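Novice: The opening position of the sequence shown corresponds to residue 10 in the numbering used here, with each subsequent residue numbered one higher. A single structure is presented below for examination.
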Amino acid sequence: MSPLAPADVPRTQDHMWHDLGIPEEIVALRGEVRATVTEKVAPYAREIGSREESVDSFPWKAFRGLADSGTFAIPFGSDFGRGLAHPLLGTCTATEEIAYHSSSMAGVYDGQCILVPKALSFASDELRARVIPGLISGELVFSFATTEPDASSDLSVESMRTTATETADNFVLNGRKRWITNSAVADWAAVLCRSGGSMTMILVDLKHSDGVRIGKPDLKLGHRGQLTSDIVFDNVLVPKGNVLGAVGKGLSVSLACLTYGRIGIAAAGVGVAQAALDLAVARLRSRHLFGKPLGAMQHWQYRLAERATELECARTLYQKAALRVDAGERAPEPEAAMAKAYATRLAADMARDAIQVYGGYGFAREVSETGETFRLEELYRDSKILEIFEGANEIQHWLVARQLIGRDVTG
Ligand SMILES: Cc1cc2nc3c(=O)[nH]c(=O)nc-3n(C[C@H](O)[C@H](O)[C@H](O)COP(=O)(O)OP(=O)(O)OC[C@H]3O[C@@H](n4cnc5c(N)ncnc54)[C@H](O)[C@@H]3O)c2cc1C
Numbered sequence: 010m011s012p013l014a015p016a017d018v019p020r021t022q023d024h025m026w027h028d029l030g031i032p033e034e035i036v037a038l039r040g041e042v043r044a045t046v047t048e049k050v051a052p053y054a055r056e057i058g059s060r061e062e063s064v065d066s067f068p069w070k071a072f073r074g075l076a077d078s079g080t081f082a083i084p085f086g087s088d089f090g091r092g093l094a095h096p097l098l099g100t101c102t103a104t105e106e107i108a109y110h111s112s113s114m115a116g117v118y119d120g121q122c123i124l125v126p127k128a129l130s131f132a133s134d135e136l137r138a139r140v141i142p143g144l145i146s147g148e149l150v151f152s153f154a155t156t157e158p159d160a161s162s163d164l165s166v167e168s169m170r171t172t173a174t175e176t177a178d179n180f181v182l183n184g185r186k187r188w189i190t191n192s193a194v195a196d197w198a199a200v201l202c203r204s205g206g207s208m209t210m211i212l213v214d215l216k217h218s219d220g221v222r223i224g225k226p227d228l229k230l231g232h233r234g235q236l237t238s239d240i241v242f243d244n245v246l247v248p249k250g251n252v253l254g255a256v257g258k259g260l261s262v263s264l265a266c267l268t269y270g271r272i273g274i275a276a277a278g279v280g281v282a283q284a285a286l287d288l289a290v291a292r293l294r295s296r297h298l299f300g301k302p303l304g305a306m307q308h309w310q311y312r313l314a315e316r317a318t319e320l321e322c323a324r325t326l327y328q329k330a331a332l333r334v335d336a337g338e339r340a341p342e343p344e345a346a347m348a349k350a351y352a353t354r355l356a357a358d359m360a361r362d363a364i365q366v367y368g369g370y371g372f373a374r375e376v377s378e379t380g381e382t383f384r385l386e387e388l389y390r391d392s393k394i395l396e397i398f399e400g401a402n403e404i405q406h407w408l409v410a411r412q413l414i415g416r417d418v419t420g
């Protein structure tokens, strides 16, 4: 029998990785979140990653399990949450641990606990007091919405079609957002809109505003538990007090959130790569071919030695980027862009390698005669989106090149 999920296999991280220079509070947090995820996410992870998307398939049990265990409080200061000295590193570490079992769930967590908390750091005290307790308890679900059918990598005001028109007391929203994580069940969304010749980010009460329509969840290759839908706004009134940051400064608010988000997605990539590596190592030890373990083949020794080295680099990169943010730096480049592109490519490469190690068993969803089911195909399907969303990897390379060569040359 082959292992069913990473929960069944030894974590190579435990003897290969050293928490050198990582704050004590984060070392302790990793242990705490690992125990939580093992109990609250892992039992449902295969189902979350496999079933077809519908409103009913939102992973409530895992979502509520994480919230009840205090995992949603990690990004917030002591006024509402944990008050960690390193909140982004803490949130990213939690994301990695969640992704180890469910990359979908890490996507859900990234929206609720990385993108949106950063967006809410621009909200008024009154608005923060109104919504943050519900976010932390999991009673309220949040989305972050910049993408539209014709705008995502290019978030310029020329491309943006969703408009926010100012009246005496309100903004009136019209337009359509696409691929919005959690929106199928969300209570609130931070929405980037064109307002005049610039952009403004606004928090919209999705459940209590006339003129909001949420589309059916999209049907995707992977990340099936991370439901995405269109949000359509038809003359939706939003109070002016719901503006995040200043009117006209929405692009810089969005980009600040997406900087946090790309470090989180790097951490998710590390979790996926670690899971695939551990599954591959377990198979190399247990599967015998030509009278010896598969792991005796030098090809796989070299390949996995390279992947383990890359994993070390990827984890170090995201941790360094997060530590720079937690130290007060607003633009943790080049590390954030390097981490996102490097870790997510590694996740896809390592998932592909792990399938190769398992042969036909890696390719199968289930062996019908035995009922054996494997997570490799899920890791492979899930890994692809990590290279695309929250800044396609080509954009990350561009960000690094701008710093390396100079914006005067790269544009
Ligand atoms: C599962 C999922 C969840 C998502 N969640 C959210 C969410 O919660 N909120 C939200 O707002 N959006 C979300 N998105 C949208 C996501 O961020 C976009 O799909 C992504 O940014 C790419 O945009 P696009 O699909 O419009 O592709 P395009 O912007 O058309 O880009 C297509 C491709 O063009 C290439 N490209 C782009 N820029 C450059 C460049 N400068 N140089 C070279 N090549 C380039 C890249 O290869 C890129 O993949 C989600 C998408 C998915 C599938």
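Ideal Cβ placement from N, Cα and C applies to all residues, glycine included. Model, not experiment: these values are computed from the prediction.
Examine ligand 1 and report whether any of its heavy atoms sits within less than 6 Å of the Cβ of residue 115.
Specialist: No - ligand 1 has no heavy atom lying nearer than 6 Å to the Cβ of residue 115.
Novice: With burial defined as no fewer than 16 other Cβ atoms inside 10 Å of the residue's Cβ, what is the status of residue 244: buried or exposed?
Specialist: Residue 244 is exposed by the Cβ-count criterion.
Novice: For residue 217, count the other beta carbons within 10 Å of its own beta carbon; 16 or more makes it buried, fewer makes it exposed. Which is it?
Specialist: The residue is exposed, with fewer than 16 neighbouring Cβ atoms inside 10 Å.
Novice: Using beta-carbon positions only, say whether residue 272 and residue 122 come within less than 7 Å of one another.
Specialist: Not a contact, by the Cβ cut-off of 7 Å.
Novice: I need the straight-line Cα distance from residue 10 to residue 25, nearest angstrom please.
Specialist: Below a pLDDT of 50, predicted positions are generally treated as unreliable, and residue 10, at 37, falls in that range; no measurement from the model is reported.
Novice: Indicate the three-state DSSP secondary structure (helix, strand or coil) for residue 11 in the structure shown.
Specialist: With a pLDDT of only 42 at residue 11, under 50, the local geometry of the prediction cannot be trusted, and the value read off the model is given with reservation. Three-state result, residue 11: coil.
Novice: Is any heavy atom in ligand 1 found nearer than 6 Å to the beta carbon of residue 270?
Specialist: Incorrect: residue 270 has no Cβ contact closer than 6 Å to ligand 1.
Novice: With DSSP run on the structure shown, which of helix, strand or coil describes residue 203?
Specialist: The answer is strand: DSSP assigns residue 203 an E or B state.
Novice: Within 10 angstroms of the Cβ of residue 186, are there 16 or more other Cβ atoms? Answer buried if so, exposed if not.
Specialist: That one is buried.
Novice: How many Å lie between residue 42 and residue 167 at the Cα?
Specialist: Distance between the alpha carbons of residue 42 and residue 167: 42 Å.
Novice: For ligand 3, any of its heavy atoms closer than 6 Å to the Cβ of residue 154?
Specialist: For ligand 3, the structure offers nothing, since it holds only ligand 1.
Novice: Taking the beta strand (DSSP E) that residue 152 belongs to, which residues open and close that run?
Specialist: 151 to 154 is the extent of the beta strand (DSSP E) around residue 152.
Novice: So, under 8 Å CB-CB, residue 192 and residue 223 are touching, yes? Tell me the CB distance rounded to an integer number of Å.
Specialist: That pair is a contact at about 6 Å.
Novice: May I have the straight-line CA-CA distance separating residue 400 from residue 409, to the nearest angstrom?
Specialist: One C-alpha to the other measures close to 13 Å.
Novice: In three-state terms, what does DSSP make of residue 399?
Specialist: Coil at residue 399, not helix or strand.
Novice: Note down the Cα distance separating residue 311 from residue 23, rounded to an integer number of angstroms.
Specialist: Rounded to whole angstroms, residue 311 to residue 23 spans 20 Å at the Cα level.
Novice: Tell me where the alpha helix (DSSP H) around residue 368 begins and ends.
Specialist: Residue 368 -> no alpha helix (DSSP H), and no H or E assigned at all.
Novice: Express the C-alpha separation of residue 343 and residue 332 in angstroms, rounding to a whole number.
Specialist: Between residue 332 and residue 343, the C-alpha separation is close to 13 Å.
Novice: So the alpha helix (DSSP H) residue 176 belongs to, where does it begin and stop?
Specialist: No alpha helix (DSSP H) contains residue 176, which DSSP labels as neither H nor E.
Novice: Name the one or two DSSP bridge partners that residue 301 has.
Specialist: Answer is 298.
Novice: Pop quiz: residue 323 and residue 352 are said to be a contact at Cβ under 8 Å. What is the actual Cβ separation, rounded to whole angstroms?
Specialist: Indeed, because the Cβ distance is near 4 Å, the residues count as touching under 8 Å.
Novice: Cutting at 7 Å between CB atoms, please list the residues of its own chain near residue 12, excluding the five before and the five after it.
Specialist: Annotation note: pLDDT 45 at residue 12 (below 50); position unreliable, no value reported.
Novice: Just how far apart, CA to CA, sit residue 317 and residue 183?
Specialist: The straight-line gap from Cα to Cα measures roughly 48 Å.
Novice: Check whether the stretch 376 to 388 touches the stretch 293 to 303, counting contact only when three or more Cβ pairs, one atom from each stretch, lie closer than 8 Å.
Specialist: Segments in contact, no.
Novice: In or out: residue 110 buried (at least 16 other Cβ within 10 Å) or exposed?
Specialist: Per the 10 Å Cβ criterion, buried.
Novice: Mind checking whether the beta-carbon of residue 120 lies closer than 6 Å to any heavy atom of ligand 1?
Specialist: Yes, since a heavy atom of ligand 1 falls inside the 6 Å radius drawn around the Cβ of residue 120.
Novice: Measure how close the beta-carbons of residue 97 and residue 277 come, nearest whole angstrom, since I'm counting them as under 8 Å.
Specialist: Their Cβ separation, rounded to whole angstroms, is 14 Å, which puts residue 97 and residue 277 out of contact at 8 Å.
Novice: Can you tell me whether residue 197 sits near ligand 1, meaning its C-beta is under 6 Å from at least one heavy atom of the ligand?
Specialist: Every heavy atom of ligand 1 is 6 Å or more from the Cβ of residue 197, so no.
Novice: From which residue to which residue does the beta strand (DSSP E) around residue 240 run?
Specialist: Start and end: 237 to 248.
Novice: Using C-beta distances below 8 Å, list every residue in its chain close to residue 157, excluding the 5 sequence neighbours before and after it, in chain order.
Specialist: So the list reads 168, 169, 170, 171, 184, 185, 186, 187, once near-sequence residues are dropped.
Novice: Residue 139 to residue 52, Cα distance in whole Å?
Specialist: Going from the Cα of residue 139 to the Cα of residue 52 covers about 33 Å.
Novice: May I have the straight-line CA-CA distance separating residue 177 from residue 151, to the nearest angstrom?
Specialist: The straight-line gap from Cα to Cα measures roughly 27 Å.
Novice: Considering only heavy atoms of ligand 1, does any lie closer than 6 Å to the CB of residue 157?
Specialist: Every heavy atom of ligand 1 is 6 Å or more from the Cβ of residue 157, so no.
Novice: With DSSP run on the structure shown, which of helix, strand or coil describes residue 393?
Specialist: Residue 393 falls in the helix class under three-state DSSP.
Novice: Should residue 151 be listed as close to ligand 1, given that the test is whether its C-beta is under 6 Å from any heavy atom?
Specialist: Flag unset: Cβ of residue 151 not near ligand 1.
Novice: How would you write the range of the beta strand (DSSP E) that residue 31 sits in, first residue to last?
Specialist: That residue, residue 31, is in no beta strand (DSSP E); it is neither H nor E in DSSP.
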